[in-house]
Structure formats: C-alpha cells, structure tokens
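Enquirer: First residue of the sequence shown: 376, per this note's numbering; consecutive thereafter.
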Amino acid sequence: MNRGHDSQPCRLRRRAAVERAPGTPTGGEARRFARTQRSACRRRGFTLIELAITLAVLAVLGTLALPSLGSALERHRLQAAAQALVADLAQARFEAARRGVPLHFEARAGASWCWAVTSAPGCRCDQAGACRLASVQADDHRGVRLIAARSVRFDADGRADASVEALLEAGPGQLRVDLGVLGRARVCSLRGALPGTPAC
C-alpha cells in the first residue's frame with residue numbers, strides 16, 4: 376500500500392543499499408537511485424491486516440449470495456422436471472399416433488416418484504420391463520417432488536382418455552402440468568414466480 380512517507384525500515388534499507396552499492400552515484404544520479412529504492416519500498420504489497428479485511432468482506436458477500444443462488448438452482452431444477460414431463464407426454468402422444476396403437480403414461484407420486492411411457496396399462500414406472508418405453512425417476516431430478524399425478528392412455532388418434540393434472544414442487548415453487556383430452560400439455564406456476572412460466 377502506498378503511504379505518504381517512508382517507514383523507518385524502508386529508509387534504513389535504502390540507506391544501506393546506497394552505502395553498499397559499488398561506485399555510489401552522486402548528484403542527480405544519487406537522487407534517481409534513491410527514488411528507485413523508494414518506489415521499491417512502496418510496492419511491498421498488502422499487509423496481513425489488509426488481507427484479513429479483504430477476506431472478511433469476500434466471506435460476507437459470499438454468504439449473502441448463497442441463498443439467492445440456491446433458490447435459482449431450485450427454480451431451474453423444477454422447470455427442467457416440468458419440461459421433461461411435458462416432453463414425455465408429447466412423445467407418448469406422437470408415438471401412439473405414429474404406431475397406430477394406444478400407449479400409456481404411468482405415474483407414481485411420493486418420495487420415490489417416477490413416470491413412464493408404456494405399451495401396456497399397469498406397467499410400473501419403477502421396474503424395468505419390456506412394456507416400459509421411457510421413464511424418469513426421482514433421482515433424475517434431485518430436489519424436485521412429484522406431489523400428484525395420474526395415469527392416462529393415448530389413443531391411436533393422439534387423444535388422451537382423460538385430462539391430467541400433475542403437480543411438481545421444489546423449495547417454495549410449485550408447477551402444474553395440465554394435459555387436455557386433445558393430448559396437449561402446458562405448464563403453469565401455482566406458487567412462486569418463475570421466468571417464462573405463466574401463473575395458473
């Protein structure tokens with residue numbers, strides 16, 4: 376840190392350097408030599424107290440930023456899970472129309488939630504089997520909970536046999552995925568403002 380005057384140790388070191396220098400300069404050269412030594416003393420870096428203060432300020436700023444960072448991560452995970460659900464519903468509808476056979480969307484809410492696109496009704500989303508075409512488990516979206524969901528059948532014309540409401544939540548945010556009988560799904564926010572997601 377730059378100070379208005381030199382500290383005593385710097386003056387002593389500069390004087391010793393001038394006395395030890397072979398062929399010690401005189402006049403203008405001596406003044407230039409002294410200025411060089413003075414600049415070197417002033418560029419000695421941070422003191423321990425200055426470093427401690429800097430670290431304390433950084434720690435406070437980091438503590439203030441952590442809650443907002445955690446909330447943003449929760450919102451991102453919640454929206455990702457909702458979009459994955461919408462994508463799987465759309466895929467089930469598309470595949471049913473493409474194959475010309477009914478396909479099923481099976482879901483289970485709770486702590487170990489899951490959902491799956493299946494070729495047969497009652498095919499469990501938490502167990503591997505030939506009837507399971509695609510599935511998502513709770514571990515795929517950590518921190519997100521599937522509160523409510525129900526199974527639905529997509530007919531060969533792409534229509535659903537019933538409307539569906541699935542509820543997903545993470546932290547204070549809660550999203551609802553609505554599926555109409557025409558087979559189209561949409562996401563809306565029941566609780567918490569989420570960028571790009573309309574309120575229900």
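Glycine included, each C-beta is placed from N, C-alpha and C at the ideal position.
On a predicted model such as this, the values are computed, not experimentally measured, just so you know.
Could you tell me the distance, in whole angstroms, from the CA atom of leucine 423 to the CA atom of leucine 430?
Expert: 11 Å
Enquirer: Between glycine 454 and leucine 542, which are expected to be in contact by the criterion C-beta below 8 Å, what is the C-beta distance as a whole number of angstroms?
Expert: Note that residue 454 corresponds to glutamine in the displayed sequence, not to glycine. Contact between glutamine 454 and leucine 542 does not hold, since their C-beta atoms are separated by about 14 Å, which reaches or exceeds 8 Å.
Enquirer: Are alanine 523 and phenylalanine 529 closer than 7 Å when you measure CB to CB?
Expert: no
Enquirer: Taking just the CA atoms, how far does valine 461 sit from cysteine 489?
Expert: 14 Å
Enquirer: Label glutamate 425 either buried or exposed according to how many other C-beta atoms from any shown protein chain fall within 10 Å of its C-beta, with 16 as the threshold for buried.
Expert: Residue burial is scored here from C-beta neighbours: glutamate 425 has fewer than 16 other C-beta atoms within 10 angstroms and is therefore classed as exposed.
Enquirer: Does the Cβ of glycine 548 have 16 or more other Cβ atoms within 10 Å, making it buried, or fewer, making it exposed?
Expert: Buried, because 16 or more other Cβ atoms sit within 10 Å of the Cβ of glycine 548.
Enquirer: Among Asp532, Ala503 and Ser526, which residue has its Cα nearest to the Cα of glutamate 540?
Expert: Ser526
Enquirer: Only counting the same chain, and skipping five residues up and downstream in sequence, which positions put a Cβ closer than 8 Å to that of arginine 517?
Expert: Arg452
Enquirer: Can you name the residues that DSSP bridges to histidine 479?
Expert: Thr493 and Arg528
Enquirer: Check whether chain B comes within 7 Å of arginine 551, counting only Cβ atoms and requiring the distance to be less than that.
Expert: Among the chains of the structure shown, chain B does not appear; only one protein chain is present.
Enquirer: Across the segment 558 to 573 and the segment 492 to 509, are there enough close Cβ pairs to call them in contact, namely three or more that are closer than 8 Å?
Expert: no
Enquirer: Can you have a look at valine 492 and say buried or exposed, based on whether 16 or more other CB atoms are within 10 angstroms of its CB?
Expert: buried
Enquirer: Measuring straight from C-alpha to C-alpha, what distance separates proline 496 and serine 538?
Expert: 17 Å
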